[in-house]
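In our numbering, the protein residues as written are 561 to 1079. Idealized CB from N, CA, C, for every residue including glycine.
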C-alpha cells in the first residue's frame, strides 16, 4: 500500500475512536446540566488536558515550530506568556470560580455567572456577554472547518470541501450526541496524542543525526539550503524584535482569564480543591508540549539541511513537524502523528461549537421562554443549536476569505479583554457592580476590534490596550455609581469563605458547604 492509504487508515481509526467516545458520553448524559457542564463531575486530569487541547490547537504543532524555525528564539515570548498565563489562570481563577459559580445560583455558563454574581435583574450583562460569545465563536468554528479542509487538501491532495465536510461531520456528531462530556474526553485523548507526537518526533529525529549536539549551534552558523535562511541571531530572544512586539506576544497570557471555552472547565470540576491537581496536570502538559515544539524547530534546522529534505511549506515553514514525521516513520505511525494536527483542529472546534450552542439556549432562549422547558427539551434545543451553528459556519467556510481568518487573530484578544478583567473583578472585588461590569466588558471588546483593525496592531497586540482599558473602566464606573446590593456583598463573602475552607480542608464536603453558604 502507498503512504496515502496508510494515512487514511490511521485517520479512520482516530475518527471512529472519537465517535465511540461520543456514544459513551451520550449514555452518561441524562440531565441538561450533564450535557452543558458534565454534571460538575469532571476529573482534574480530564479538565486540564481538555482545556489545553482546546486552547493550543494547530498553533502548537505547526505555528510555533514554524515561527521558531524561520525567525529564531525571538518568537518564544508568546509561548512564555501562554505558559505563565495558564498557570496563573489555574491558580487564581479555577478554585474560586468553581466555588462561586455554584454559590451564585449554580451558574453553568460564563454569562449566567456574571448575571447571578451581580444579581442583574436587567439581564443586560448576560445578553451582551452571550452576544459577544456567539459572534466570535461562530467565526472561530468556521475557521476550524477551513483548517480541516486545508489539512485534507495539503496532506492527501484531496478535495477541500470533502475534507471540510468530513472534519465538520465527525466533530458535530460527537458534540451533538455527547455534549460537554464528549467534548472534554475527546479533547483529553486529542491532548495526549498531541503530547506524545511532540515528544516522540523530535527525539527520533535527533537520534537520527550524526551529531545531535549540533542543534544548539547549527542554525546560527548555517543557512537552510532550500530557502537560503541565515540567522546569526537565531538563539537570541531579543534580536530583531521591538519592545512592543515582545510585550504584545508575552501578554497573550492575559487572554486566558476571559476564554469561555477554557474557564468553563473550571466550573465543571468536582470540587474547588481539584484545581490544584488540574494546575499540575495542565501546566505540565503545556510546558512539556511547548518544549517539544521548540525542539521540533531546533532539530529541524539540522535535520532538513544535512539530509537535504525539503520542507513542504516554503513560505512560513509550518509543516516541519508533519514533514519530519513523514520522513522518520512508517506510513501508519506517521499517519497517527499526522492525526495530531487533525486532533488539534477538532478539539478547538468542538469546544467552541458547544460554547456557542450553550449560550444560545442557556443565556438567550431561556430568558425569553415563558416557562422553563423540561430537561429533555433543553438538551434537544442545545443539540439543534449545535447543528444550526455548524451549518452557518460551514457555509462561511465554503469560500474562505482573509476577513474570516483574520477575525481569529483578535478573537483571543477580544475574549481576553472583554471577559478577563470582569472575571478577576468578579472573583476578587466586593465593590463590583452592574454598570461597571457592562461598561468594562463593552469597552474591552470594542477596543480590541478597533485597535486590531487599525495599523496600531502592528505596533502592539490589541489585547494589551483592550485589557487595560476594560480594567480601568470597570473600576472607575463601579466606584462612580451606586453600591452593589447588600445581598451581592453577602454572597461574595460566602463564596470567598467557601474557597478558603476548601483550600484549608481537602476532605471538606463541598456540596454541603456550598448549600450552607447559599442558605
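Option in the options with minimal Cα separation from residue i
{"i": "residue 575", "options": "608, 723, 611, 622", "result": "723"}
{"i": "residue 779", "options": "678, 795, 1044, 664", "result": "795"}
{"i": "residue 849", "options": "594, 597, 612, 602", "result": "612"}
{"i": "residue 855", "options": "1002, 624, 670, 604", "result": "624"}
{"i": "residue 673", "options": "728, 909, 827, 570", "result": "827"}
{"i": "residue 600", "options": "584, 562, 668", "result": "668"}
{"i": "residue 903", "options": "711, 654, 840", "result": "711"}
{"i": "residue 740", "options": "882, 686, 595", "result": "595"}
{"i": "residue 730", "options": "975, 783, 892, 906", "result": "906"}
{"i": "residue 1036", "options": "1018, 1058, 981, 1051", "result": "981"}
{"i": "residue 927", "options": "681, 577, 618", "result": "681"}
{"i": "residue 651", "options": "873, 736, 608, 631", "result": "608"}
{"i": "residue 1038", "options": "995, 958, 862", "result": "995"}
{"i": "residue 847", "options": "563, 683, 715, 641", "result": "641"}
{"i": "residue 1061", "options": "892, 986, 832", "result": "832"}
{"i": "residue 986", "options": "1049, 957, 1021", "result": "1049"}
{"i": "residue 959", "options": "707, 748, 857", "result": "707"}
{"i": "residue 577", "options": "745, 755, 792", "result": "745"}
Residue i, DSSP secondary structure in three states
{"i": "residue 769", "result": "coil"}
{"i": "residue 929", "result": "coil"}
{"i": "residue 992", "result": "coil"}
{"i": "residue 829", "result": "strand"}
{"i": "residue 882", "result": "helix"}
{"i": "residue 987", "result": "helix"}
{"i": "residue 602", "result": "strand"}
{"i": "residue 799", "result": "coil"}
{"i": "residue 1021", "result": "coil"}
{"i": "residue 868", "result": "coil"}
{"i": "residue 911", "result": "helix"}
{"i": "residue 664", "result": "coil"}
{"i": "residue 576", "result": "helix"}
{"i": "residue 893", "result": "helix"}
{"i": "residue 681", "result": "coil"}
{"i": "residue 750", "result": "helix"}
{"i": "residue 1041", "result": "coil"}
{"i": "residue 934", "result": "coil"}
{"i": "residue 965", "result": "With a pLDDT of only 47 at residue 965, under 50, the local geometry of the prediction cannot be trusted, and the value read off the model is given with reservation. It is helical."}
{"i": "residue 861", "result": "helix"}
{"i": "residue 718", "result": "coil"}
{"i": "residue 917", "result": "helix"}
{"i": "residue 565", "result": "helix"}
{"i": "residue 1027", "result": "helix"}
{"i": "residue 1013", "result": "coil"}
Spatial neighbours of residue i in its chain, beta-carbon cut-off 6 Å, leaving aside the 5 residues before and after
{"i": "residue 692", "result": "978, 1005"}
{"i": "residue 1063", "result": "none"}
{"i": "residue 1055", "result": "659, 660, 663"}
{"i": "residue 605", "result": "841"}
{"i": "residue 585", "result": "738, 741, 742"}
{"i": "residue 751", "result": "609, 612, 613"}
{"i": "residue 675", "result": "685, 686"}
{"i": "residue 637", "result": "806, 809, 810"}
Near the ligand MN: residue i beta-carbon under 6 Å from a heavy atom
{"i": "residue 864", "result": "Absent from the structure shown: the ligand MN. Ligands present: none."}
Beta-carbon contacts of residue i that lie in its chain and below 7 Å, excluding the five residues immediately before and after
{"i": "residue 733", "result": "579, 582"}
{"i": "residue 697", "result": "912, 915, 916"}
{"i": "residue 1047", "result": "679"}
{"i": "residue 713", "result": "720, 723"}
{"i": "residue 920", "result": "694, 945"}
{"i": "residue 975", "result": "696, 815, 818, 819, 820"}
{"i": "residue 764", "result": "888"}
{"i": "residue 871", "result": "786, 864, 877, 879, 880, 883"}
{"i": "residue 963", "result": "For residue 963, the pLDDT reaches just 43, beneath the cut-off of 50, and the residue's location in the model is therefore unreliable, leaving the point undetermined."}
{"i": "residue 753", "result": "899, 900, 903"}
Neighbour-count burial assignment, residue i, 16 or more Cβ in a 10 Å radius
{"i": "residue 898", "result": "buried"}
{"i": "residue 823", "result": "buried"}
{"i": "residue 1041", "result": "exposed"}
{"i": "residue 844", "result": "exposed"}
{"i": "residue 861", "result": "buried"}
{"i": "residue 942", "result": "buried"}
{"i": "residue 821", "result": "buried"}
{"i": "residue 593", "result": "buried"}
Cutoff 8 Å; reference residue i; Cβ partners in own chain excluding five residues on either side
{"i": "residue 760", "result": "897"}
{"i": "residue 590", "result": "935"}
{"i": "residue 683", "result": "675, 927"}
Within-7 Å CB hit, residue i to chain D
{"i": "residue 860", "result": "Absent from the structure is chain D; it holds one protein chain and no more."}
>> Under 8 Å, with one C-beta from each stretch per pair, do the region 927-937 and the region 653-670 reach the 3-pair mark?
In response: Too few Cβ pairs lie closer than 8 Å, so no.
> Does the region 992-1012 come within contact of the region 1022-1033, defined as at least 3 CB pairs closer than 8 Å?
Replying inline: Flag = yes, the region 992-1012 and the region 1022-1033 touch.
> Would you call the region 830-849 and the region 988-997 touching, i.e. three or more CB-CB distances under 8 Å?
Replying inline: Segments in contact, no.
> Taking one C-beta from the region 663-671 and one from the region 861-879 each time, how about it: are there three or more such pairs within less than 8 Å?
Replying inline: No contact exists between the region 663-671 and the region 861-879.
>> For the structure I just gave you, are there three or more beta carbon pairs, one from the region 634-652 and one from the region 801-821, closer than 8 Å?
In response: Segments in contact, yes.
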